Amino acid sequence: MQSKFSCPRGTTDITPFDISRWDNVERISKQILTCYNYKEIRTPLFEETELFARSMGQSSDVVCKQMLNLAAQQKDDQDGVTLSGLSLRPENTASVVRSYIQNGFDRKEPISKLFYIGPMFRGERPQKGRLRQFNQIGVEVLGPNTAQPYLDAEIISLSVHLLKSLGLEKFLLKINRLGTREDKENFYQMLRQAL
Numbered sequence: 006m007q008s009k010f011s012c013p014r015g016t017t018d019i020t021p022f023d024i025s026r027w028d029n030v031e032r033i034s035k036q037i038l039t040c041y042n043y044k045e046i047r048t049p050l051f052e053e054t055e056l057f058a059r060s061m062g063q064s065s066d067v068v069c070k071q072m073l074n075l076a077a078q079q080k081d082d083q084d085g086v087t088l089s090g091l092s093l094r095p096e097n098t099a100s101v102v103r104s105y106i107q108n109g110f111d112r113k114e115p116i117s118k119l120f121y122i123g124p125m126f127r128g129e130r131p132q133k134g135r136l137r138q139f140n141q142i143g144v145e146v147l148g149p150n151t152a153q154p155y156l157d158a159e160i161i162s163l164s165v166h167l168l169k170s171l172g173l174e175k176f177l178l179k180i181n182r183l184g185t186r187e188d189k190e191n192f193y194q195m196l197r198q199a200l
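One rule links them: number in the working numbering = place in the sequence shown (from 1) + 5.
Structure representation (structure tokens):
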């Protein structure tokens, strides 16, 4: 029987034939991340659009062109928030930082080592290797004393450990530094002027 409906463009089903591989990746990832003393955190699939705009930059490509915004205009009787000010998360760093602040992690432990596994969403045009809904595993180290080289080294080490444990033999780690928010904004300004 053929259905007239199919997955939205840029998404895919994880069928019972594939789920064991997904479960295996998640299980191995959780084992390794907890060995490095990272704790799992789960944040909402959507947040206030402004959260992403502030963290990624109001004029970033993700905010301007790629975020999937909820367009419904129905009011929530509880808090008066309209869904139009909400977006599906394009990444999870902003949500994790929001949760860290909102839930007072800084008062509970000097350094919070957190990990997440879950779907992210982008409104970009689907093409090979780029979907509108994709899954991501990530870590965040938060706290007042986290600008420590050993933490960067630990993340690099756990990344290699994780990739090898998942059976990947040949891979290339590319390490990047974005700088401060001011550095990033200056870079975007210069780039816009050059283009």
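Think of the CB as a built atom: it goes at the ideal place given N, C-alpha and C, for glycine as much as any other residue. Computed from a predicted model, the values in this text were never measured in an experiment.
Taking a cut-off of 8 Å for Cβ pairs, the region 118-126 and the region 36-54 touch, as three or more such pairs fall below it.
The continuous stretches of beta strand (DSSP E) do not include residue 8, and DSSP gives it neither H nor E. Within the model, the alpha-carbon separation for residue 188 versus residue 152 is close to 17 Å.
Taking the CA atoms as reference points, residue 55 sits about 28 Å from residue 17.
Under the three-state reduction of DSSP output, residue 116 falls in the coil class, being neither helix nor strand. At the C-beta level, residue 155 and residue 47 stay beyond 8 Å of one another. A direct Cα-Cα distance of roughly 20 Å separates residue 171 from residue 21. Around the beta carbon of residue 144, a 10 Å sphere encloses 16 or more other beta carbons of the protein chains shown; the residue is thus reported as buried.
Inclusion of residue 161 and residue 178 in the CB contact set at 8 Å is warranted, their separation being smaller than that value.
Taking C-beta atoms under 8 Å as the contact rule, residue 93 and residue 119 fail to qualify, at a distance of about 20 Å. Within the model, the alpha-carbon separation for residue 11 versus residue 101 is close to 33 Å. Within its own chain, the residues whose Cβ lies closer than 8 Å to the Cβ of residue 37, once the five positions on either side in sequence are excluded, are 163, 166, 167 and 170, listed in chain order. The straight-line gap separating the alpha-carbon atoms of residue 111 and residue 103 is approximately 12 Å.
Less than 8 Å separates the beta-carbon of residue 15 from that of residue 137.
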